[in-house]
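Some notes on the structure that comes next.
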Amino acid sequence: MFFKNFLFHMGRYTMMLGTSFSRPEKYYMYYKETMRQMNDIGIGSLVIVGLIAIFIGAVTAVQFLYQLDGTLVPVYYIGYIIRDSTIIELAPTITCLVLAGKVGSNMAAEIGGMRQKEHIDAMEIMGVNTAAYLIMPKIIAALVVIPLLVAIAAFVSVIGGYLAAVPTGLMSDAEYIQGVRSFFEPFNVVMMFVKALVFAFLLTSISCYQGYYVRGGSIELGQASTNAVVFSDIMILLADYIIAVLLTG
Amino acid sequence: MIRAENIFKSFEDNEVLKGISTEFFPGKTNLIIGRSGAGKTVLLKLLIGLLKPTTGKVFYDKVDFFSLGKKEIRTIRMQVGMLFQASALFDSMTVEENIRFPLDMFTNMTWKEKKDRVNFCLERVSLGKVNDNYPSEISGGMQKRVGIARAIVLNPKYLFCDEPNSGLDPKTSIVIDELIHDITIENNITTVINTHDMNSVMEIGDNVILLYQGQIAWRGNRDDVLHSDNEVLHDFMFASPFLQQLRDSALQK
Ligand SMILES: Nc1ncnc2c1ncn2[C@@H]1O[C@H](COP(=O)(O)OP(=O)(O)OP(=O)(O)O)[C@@H](O)[C@H]1O
Ligand SMILES: [Mg+2]
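In structure tokens:
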């Protein structure tokens, strides 16, 4: 039963994506919608992403100082640890988990509401490919904007770590800077962007899927919105593991 | 012309339609009437492919609708306008943007041409100066009109209306009915209307089918109604004692 369900959803999800990547009726309309989505996702999430990033950096700094206290590891390593752990893991993963909650649930509710109020039927009858018009701009916008948000998050985290460690006297300015500048591996940045792109795609497409096929009334809409977040989160974590294995192996 | 051929439709074990065959003609307001739950909305959605029949066929002129691919279905749908039971106006857009949406999506008109077309359609449904209002800011009757304006903006060959006058007072209902009727004749549109309003039947019933227990219990036009001895039709049309008296006195004359 579970397996059958899984196959059903996978099949319908794949078909939805197939239809959504087809030739737009009017490029300008899709362009306009993509811009609107970029604005919603990007500007709308900047504050929350920044806030989270600062604390990720700060907490990492404080806790690693505590963990490494009394060991032989030189204290400047803290800068290096913060930089790399945020770039490789924390910035893409936590940012996208949060965005699944903010952007994903919002998309599911928006599309689901349109389904329930027969807006989607109305567009279909006009001849619009609704899977394309409602979903493709969201995915494209997310693929452009979310990696940028993740890059900002990584940068802000390093600042957050600095703020938590240096002014409080836990380590010196020079040590932190030295750490941040040590052992830099450009490939880690590639890994960050790979993760950001994959997570962005997963969270938007899963959320749109949940909204697009919603039935019933407000209870189902609420469920769809919750499912969007839950399934996006699960898939993000799963993908995180797979990418880690593939790219570090 | 639209032709339905032996349509069956069930939802799990609920058989809603059991063998519907009928034709809907251009330049006429074709009515589907029946009690609540009779399957009017289901039939309308089948005709335009929002639902698929369990068995049976729908023809647009000579074209078998359900044998078409997605792209061809879309080209037919560009000739279709639909007014939904709850209007289904996009609530994040203004009235003008709603009506302009099909133009933006499917035509290469200039901004000025679109503007003119929108204003023409708004005028055609007797609405002025609501261009910049949002759907939530206008009354239900006005929303219906905007829905009609949006449905006709691309000059459709086929027009579907699901209960165009539900929730409206009798006077406004008649105005909306007449509007649809006039537009139908002006542009030789094949119009299909769902209704359970007996006023509509008597005003604009050019070609009427009555759904009852999944089948067509009666067909005819507004002139046939009074003289028919079909019991299902009478139950439906003259539901109250008051209306029965009216019919009897009309027949005596
Ligand atoms: N999506 C659906 N799933 C299951 N059953 C449905 C669905 N849509 C309609 N039905 C069933 O089909 C029957 C006919 O419904 P329909 O909406 O066509 O009635 P109607 O004639 O339009 O009534 P009303 O005048 O109240 O709008 C009902 O018994 C309803 O339960
Ligand atoms: Mg109905």
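Heads up: the protein sequence lines correspond to chains A and B, in order. So for the first sequence, our numbering puts the first residue at -16; every next one is plus one. So for the second sequence, our numbering puts the first residue at 89; every next one is plus one. Where is the CB? At the ideal position from N, CA and C, for every residue including glycine.
Counting only beta-carbon atoms, is Arg165 of chain B nearer than 8 Å to chain A?
For the purposes of this step, residue 165 of chain B is identified with residue 77 of the second sequence, where counting begins at 1. Closer than 8 Å to some Cβ of chain A, the Cβ of Arg165 of chain B qualifies, so yes.
Let me know the alpha helix (DSSP H) ranges lying completely inside the stretch 167 to 231 of chain A, each 4 residues or longer, listed in chain order.
169 to 195 and 201 to 231
DSSP bridge partner residues for Leu119 of chain B (one or two, in chain order)
As a working mapping, residue 119 of chain B is identified with position 31 in the second sequence. Paired residue(s): B:Ile281 and B:Val296.
Any non-hydrogen atom of ligand 2 closer than 7 Å to Asp250 of chain B Cβ:
Locating residue 250 of chain B in the second sequence gives position 162, where the first residue counts as 1. Within the cutoff, so yes.
Measuring alpha carbon to alpha carbon, tell me which of B:Thr272, B:Gly144 and B:Asn221 ends up nearest Pro114 of chain B.
Translated into the one-based positions of the second sequence, residue 114 of chain B becomes position 26. Looking at the Cα atoms, B:Thr272 is the closest of the given residues.
Less than 8 Å between CB atoms is the rule here; does Ile136 of chain B satisfy it with respect to chain A?
Numbered from 1 along the second sequence, position 48 holds the residue referred to as residue 136 of chain B. With 8 Å as the cut-off, Ile136 of chain B counts as an interface residue toward chain A.
Tell me the DSSP secondary structure of Ala136 of chain A in three-state form.
Translated into the one-based positions of the first sequence, residue 136 of chain A becomes position 153. Note: Ala136 of chain A maps to helix in three-state DSSP.
Any residue with its C-beta under 5 Å from a non-hydrogen atom of ligand 1 counts. Can you list them all in chain order?
B:Phe99, B:Val104, B:Ser124, B:Gly125, B:Ala126, B:Gly127, B:Lys128, B:Thr129 and B:Val130
In chain A, which residues lie less than 8 Å from Ala176 of chain B when you measure between Cβ atoms?
Here residue 176 of chain B refers to the residue found at position 88 of the second sequence. Neighbours of Ala176 of chain B on chain A, chain order: Lys100, Glu101, His102, Asp104 and Ala105.
Using a Cβ cut-off of 7 Å, pull out every chain B residue sitting near Ile108 of chain A, in sequence order please.
For the purposes of this step, residue 108 of chain A is taken as the residue at position 125 of the first sequence. In chain order: Ile136, Arg165, Val168 and Met170.
On the criterion of 16 or more Cβ atoms from any shown chain inside 10 Å, does Lys341 of chain B qualify as buried, or is it exposed?
To locate residue 341 of chain B, count along the second sequence from 1; it is residue 253. Exposed, since its Cβ has fewer than 16 Cβ neighbours within 10 Å.
Using only alpha-carbon positions, find the residue among B:Asp336, B:Arg233 and B:Leu138 that is nearest to Ser214 of chain B.
If you number the second sequence from 1, residue 214 of chain B lands on position 126. Here the closest residue by C-alpha is B:Arg233.
Is any heavy atom in ligand 4 found nearer than 7 Å to the beta carbon of Gln99 of chain A?
This structure simply doesn't include ligand 4; it includes ligand 1 and ligand 2 instead.
Report, in whole angstroms, the separation of the C-beta atoms of Tyr148 of chain B and Ile108 of chain B, which I expect to be a contact under 8 Å.
For this step, residue 148 of chain B is matched to residue 60 along the second sequence. For this step, residue 108 of chain B is matched to residue 20 along the second sequence. About 16 Å separates the two Cβ atoms, so there is no contact after all.
Is there a Cβ from chain B that is less than 8 Å from the Cβ of Lys121 of chain A?
On the first sequence, position 138 is the one that residue 121 of chain A refers to. Not closer than 8 Å to any Cβ of chain B, the Cβ of Lys121 of chain A fails to qualify, so no.
Mind checking whether the beta-carbon of Ile167 of chain B lies closer than 7 Å to any heavy atom of ligand 2?
Here residue 167 of chain B is taken as the residue at index 79 of the second sequence, counted from 1. Note on residue identity: the sequence assigns Gln, not Ile, to residue 167 of chain B. No; taking the cut-off as 7 Å, the Cβ of Gln167 of chain B has no heavy atom of ligand 2 nearer than that.
Within this structure, are the beta carbons of Val313 of chain B and Met290 of chain B separated by less than 8 Å?
The residue you call residue 313 of chain B lines up with position 225 of the second sequence. The residue you call residue 290 of chain B lines up with position 202 of the second sequence. Taking 8 Å as the Cβ cut-off, Val313 of chain B and Met290 of chain B qualify as a contacting pair.
Should Gly40 of chain A and Ser155 of chain A be called a contact, given that it needs their Cβ atoms to be closer than 8 Å?
Sequence index remark: in the first sequence, residue 40 of chain A carries index 57 (1-based). Sequence index remark: in the first sequence, residue 155 of chain A carries index 172 (1-based). No, Cβ-Cβ distance for Gly40 of chain A and Ser155 of chain A is not below 8 Å.
Asn102 of chain B: CB within 7 Å of a non-hydrogen atom of ligand 2:
As a position in the second sequence, residue 102 of chain B is number 14, starting the count at 1. No, Cβ of Asn102 of chain B sits at least 7 Å from all heavy atoms of ligand 2.
Buried or exposed for Phe47 of chain A, please, with buried defined as at least 16 other CB atoms from any protein chain shown within 10 angstroms of its CB.
Against the first sequence, residue 47 of chain A aligns to sequence position 64. The residue in question, Phe47 of chain A, is buried, as its Cβ has 16 or more Cβ neighbours within 10 Å.
What are the start and end residues of the beta strand (DSSP E) that includes Met170 of chain B?
By one-based count along the second sequence, residue 170 of chain B stands at place 82. Taken as a continuous stretch (DSSP letters only), the beta strand (DSSP E) holding Met170 of chain B covers Val168 to Leu171.
How far does the beta strand (DSSP E) with Asp375 of chain B in it extend, from its first residue to its last?
Given that chain B is displayed from residue 89 to residue 341, the structure contains no residue 375 of chain B and the question cannot be resolved.
In terms of DSSP beta bridges, what is Asp152 of chain B paired with?
Walking along the second sequence from the start, residue 152 of chain B turns up at place 64. In DSSP, Asp152 of chain B forms a bridge with B:Phe147.
With a cut-off of 8 Å on the beta carbons, I'd call Phe178 of chain B and His102 of chain A a contact; round off their distance for me.
Taking the first residue of the second sequence as position 1, residue 178 of chain B is located at position 90. Taking the first residue of the first sequence as position 1, residue 102 of chain A is located at position 119. That belief holds up - the Cβ atoms of Phe178 of chain B and His102 of chain A are roughly 6 Å apart, short of 8 Å.
Does Met181 of chain B have its Cβ less than 8 Å from a Cβ in chain A?
To locate residue 181 of chain B, count along the second sequence from 1; it is residue 93. No, Met181 of chain B does not count as interfacial toward chain A.
Have a look at Thr17 of chain A and Leu131 of chain A and give me their C-alpha separation to the nearest angstrom.
For the purposes of this step, residue 17 of chain A is taken as residue 34 along the first sequence, with counting starting at 1. For the purposes of this step, residue 131 of chain A is taken as residue 148 along the first sequence, with counting starting at 1. For Thr17 of chain A and Leu131 of chain A, the distance between alpha carbons rounds to 16 Å.
Using a C-beta cutoff of 8 Å, does Asn112 of chain A count as contacting chain B?
Mapped onto the first sequence, residue 112 of chain A falls at position 129. Cβ-Cβ to chain B under 8 Å: yes for Asn112 of chain A.
Compute every distance between the C-beta of Asn253 of chain B and the non-hydrogen atoms of ligand 2, then say whether any falls below 7 Å.
Against the second sequence, residue 253 of chain B aligns to sequence position 165. Not under cutoff, so the answer is no.
Given that a residue counts as buried once 16 or more other Cβ atoms are within 10 Å of its Cβ, and exposed if not, what is Ile225 of chain A?
Stepping through the first sequence from its first residue, residue 225 of chain A is reached at position 242. Burial call: exposed.
According to DSSP, Ile108 of chain B sits in a beta bridge with which residue or residues?
For the purposes of this step, residue 108 of chain B is taken as the residue at position 20 of the second sequence. DSSP output for Ile108 of chain B lists B:Ile95 as bridge partner(s).
Would you say Ser190 of chain A and Ala91 of chain A are within 8 Å of each other, going by their C-beta atoms?
If you number the first sequence from 1, residue 190 of chain A lands on position 207. If you number the first sequence from 1, residue 91 of chain A lands on position 108. It is a contact, given that the beta carbons lie within the stated cut-off.
For Asn196 of chain B, verify whether its CB is less than 7 Å away from any heavy atom of ligand 2.
Counting from one through the second sequence, the residue named residue 196 of chain B turns up at place 108. It does not: the Cβ of Asn196 of chain B is nowhere closer than 7 Å to a heavy atom of ligand 2.
Any heavy atom of ligand 2 closer than 7 Å to the CB of Gln173 of chain B?
Numbered from its first residue, the second sequence carries residue 173 of chain B at position 85. Answer for Gln173 of chain B: yes, Cβ within range of ligand 2.
For Arg6 of chain A, the first and last residue of its enclosing alpha helix (DSSP H):
For the purposes of this step, residue 6 of chain A is taken as the residue at position 23 of the first sequence. Arg6 of chain A -> no alpha helix (DSSP H), and no H or E assigned at all.
Asp285 of chain B classed as buried or exposed, judged by whether at least 16 other C-beta atoms fall within 10 angstroms:
Here residue 285 of chain B refers to the residue found at position 197 when the second sequence is read from its first residue. That one is buried.
DSSP has Ile304 of chain B in a bridge; who is on the other side?
Locating residue 304 of chain B in the second sequence gives position 216, counting from the first residue. Ile304 of chain B is bridged to B:Leu299.
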